[in-house]
Each structure stands twice: as C-alpha cells, then as structure tokens.
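Engineer: Got a structure for you, written out below as structure tokens; questions coming shortly.
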Amino acid sequence: MPTRVKRPSILVKLGITASLLAFQGYLGYHVVTGTFGIESQREMLEEIKVLEARRAALETEIESYEHRIALFDPRRLDPDILTERARALLGLVHPDDIIIVPDDQS
1 MPTRVKRPSI
11 LVKLGITASL
21 LAFQGYLGYH
31 VVTGTFGIES
41 QREMLEEIKV
51 LEARRAALET
61 EIESYEHRIA
71 LFDPRRLDPD
81 ILTERARALL
91 GLVHPDDIII
101 VPDDQS
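Heads up: the sequence shown is residues 1 to 106, going by this note's numbering.
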C-alpha cells in the first residue's frame with residue numbers, strides 16, 4: 001500500500017510568509033520611531049548635551065559658594081567679607097558709598 005504525503009497548501013505558505021514580513025515591518029518601524037529608536041536617540045543625545053552644560057554651570061556656581069564659605073573660615077577671616085555681610089544685614093552705608101537702586105520694571 002503506497003503512502004501518500006500530504007503537501008501543505010500554497011495559501012498556507014503565502015500566509016506564513018506574509019505574516020513574517022508584516023512582523024519584520026513592525027519591528028523595523030519601531031527600530032526607527034520607537035522609544036529607544038534612532039530618532040529618539042538623537043533627541044536623547046541633544047538632551048544630554050543640554051544637561052551637561054547645565055551641570056557645568058551648576059558646578060561653577062557650587063565652586064563660587066564654596067569659595068565664599070571658605071572666606072568665612074575663622075582661622076583666616078576676610079575683613080572685607082565680614083563688613084560686607086554686616087552692612088547688608090544691618091542696612092548701613094558709609095557717607096561716601098554710591099547706592100544703585102534697581103528698577104523694578106526692568
């Protein structure tokens with residue numbers, strides 16, 4: 001008795017091929033436009049540059065504050081800083097000082 005092998009239909013092969021191509025298209029689309037895709041990577045790199053510039057500005061500001069704090073060290077207290085802070089807190093001025101009042105509208 002001969003054995004007959006049933007061949008799959010051409011429609012099944014075409015259906016599998018079409019579904020695999022559609023899946024590859026789906027993956028390709030998300031490689032380009034997904035959350036971590038090529039377009040998003042450019043945006044992330046630009047944001048990294050902005051944040052690094054901001055970090056550098058903040059580090060400069062921190063160094064400025066550290067320098068001002070170091071001037072208040074009791075072992076080497078700067079008299080200019082001491083008089084500046086005392087005059088600012090007490091609202092005192094010398095007769096020969098020039099006072100500049102900032103305009104609130106600008």
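Yeah, the Cβ is synthetic: ideal placement off N, Cα and C, and Gly gets one too.
Using beta-carbon positions only, say whether L71 and I62 come within less than 9 Å of one another.
Structural biologist: Stepping through the sequence shown from its first residue, residue 71 is reached at position 71. Stepping through the sequence shown from its first residue, residue 62 is reached at position 62. For L71 and I62, no; Cβs fall outside 9 Å.
Engineer: May I have the straight-line CA-CA distance separating G37 from L11, to the nearest angstrom?
Structural biologist: As a working mapping, residue 37 is identified with position 37 in the sequence shown. As a working mapping, residue 11 is identified with position 11 in the sequence shown. Looking at the two C-alpha atoms, the distance is approximately 35 Å.
Engineer: Could you tell me whether the Cβ atoms of A86 and L92 are closer together than 9 Å?
Structural biologist: Walking along the sequence shown from the start, residue 86 turns up at place 86. Walking along the sequence shown from the start, residue 92 turns up at place 92. Contact: yes.
Engineer: Between D103 and chain B, is there a C-beta pair that is closer than 9 Å?
Structural biologist: Of the protein chains in the structure, only one exists, and it is not chain B.
Engineer: Can you tell me whether DSSP reads R4 as helix, strand or coil?
Structural biologist: For the purposes of this step, residue 4 is identified with residue 4 of the sequence shown, where counting begins at 1. DSSP places R4 in coil when its eight states are reduced to three.
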